[in-house]
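Here's the structure we're looking at; comments come further down.
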Amino acid sequence: MPVVFKCDCGKYLSVRSKYIGKKIKCPVCGEVNKVPDPLEKKAKQLRRLETKALETEKFRRLKDAVDEDRDIALEEKELMELELPGSGENSRWGEDEEDEKRPEPEPRPLERASATPDKPRSEHRTKEKAEHRAKEKSASRVKDKSESRVKDRSESRVKDRDEPRESHGEKPERKERPEHREKSEHREKPREKAHEKASVPKGGVEIQCFCGKKHAVGPEKKGKSFTCDACGRVVHVPGGKMEELELVPLEAGEPCPKCGALLKTDEKVCHACGHRLDQRFAGGHGADPGAARKKSKHR
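When we follow my numbering, the leftmost residue of the sequence shown carries the number 176, and every step to the right adds one.
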């Protein structure tokens, strides 16, 4: 706990309690001061107070002076103590006078009278109960009326819905819906749809065009071409037998298509590479029959 004391220069110094009884130097004036003990200072103050013996002596002197009717030099504190109880500021009589001077508080008006002065309390309560019951009855009547109105409206709507409506005058006749339009006269045969399956004759082939139109081709049209009646494109029909193709006779001195050696007219097998030349197709001299088949498929 710090100890605070005042130097002669007026500076207040604060030091720790462990320096009590020791000397320290003031940082302002440089004077050396001894740190006082706060407990000793408190003891000195207690010693200066008037003891019980002094109080009894003062009381005795005052009593003797009052008994002998002589004046005595008294201090102001002593005179205050000797004053009569009714003459002081804190006397009871002074309080009564102040109370008489104070204005009396006005009585508060009643906010609401519980019952009228003319009628007794029981009659007032019975009247309130009767009013409350009348209000409840009126509210229930209004509620019943509203419910009955809603019920009547709903019943009338159901009746109108079930019963046929009466005709208010002649109604215009409804026009009959026109039939489906007839097919165009200039088109003899209807155009077949893409998803409809065409009837394929025996030994024929079903071919689909690029537009999606399907054609049923007979066996007599294999290896030939025809025009699509939907889009106008030329469609080639694959097929055809090897015997039906036109054969071209071999010429003398024709080179072999594989190795390039010259062959005689009667030779059907190349003497250099062993390539067989049984048939020559109309596509060209020395053409491969396999190549002719591929070309016919891709047309």
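Backbone N, C-alpha and C fix where the C-beta goes; we use that ideal spot for every residue, glycine too.
Within the same chain, show all residues whose beta-carbon is closer than 6 Å to that of residue i, passing over the 5 residues directly before and after it, in chain order.
i: Leu452; result: Lys443
i: Ser400; result: Val409, His411
i: Glu429; result: Leu438
Would residue i be called buried (16 or more neighbouring beta carbons within 10 Å of its own) or exposed?
i: His390; result: buried
i: Gly393; result: exposed
i: Leu438; result: buried
i: Cys406; result: exposed
i: Cys204; result: exposed
i: Lys197; result: exposed
i: Cys132; result: Since the first residue of the chain shown is 176 and the last is 474, residue 132 is not available in this structure.
i: Lys320; result: exposed
i: Lys302; result: exposed
i: Lys388; result: buried
Give me the Cβ distance between residue i and residue j, rounded to the nearest whole Å; I'm assuming they're in contact under 8 Å.
i: Ile382; j: Val412; result: 6 Å
Quick one: what's got a C-beta closer than 8 Å to residue i's C-beta in the same chain, skipping five residues either side?
i: Cys384; result: His390, Cys403, Ala405, Cys406, Arg408, Val410
i: Cys434; result: Cys445, Ala447, Cys448, His450
i: Ser374; result: Ala391
i: Ser192; result: Met176, Pro177, Val178
Report the option in the options whose CA atom is closest to the CA atom of residue i.
i: Cys448; options: Arg191, Thr440, Ala436; result: Ala436
i: Lys397; options: Val241, Lys320, Pro376, Lys433; result: Pro376
i: Ile199; options: Val210, Lys193, Arg191, Lys312; result: Val210
By how many angstroms is the C-alpha of residue j removed from the C-alpha of residue i?
i: Val179; j: Glu206; result: 16 Å
i: Lys326; j: Glu298; result: 42 Å
i: Glu330; j: Glu322; result: 12 Å
i: Gly378; j: Glu395; result: 9 Å
i: Glu419; j: Val380; result: Confidence is the limiting factor: at Glu419 the pLDDT is only 47, short of 50, which leaves the residue's position unreliable, though a coordinate-based value still follows. Roughly 19 Å between the two C-alpha positions.
i: Lys304; j: Lys310; result: 10 Å
i: Lys318; j: Arg300; result: 27 Å
i: Val190; j: Lys238; result: 52 Å
Can you list, in chain order, the residues of its chain with a C-beta nearer than 7 Å to that of residue i? Leave out the 5 residues immediately preceding and following it.
i: Cys201; result: Cys182, Cys184, Lys186, Leu188, Asn208
i: Pro213; result: Val178
i: Cys431; result: Leu438, Cys445, Ala447, Cys448, His450
i: Ile195; result: Val178, Val210, Asp212
i: Asp242; result: none
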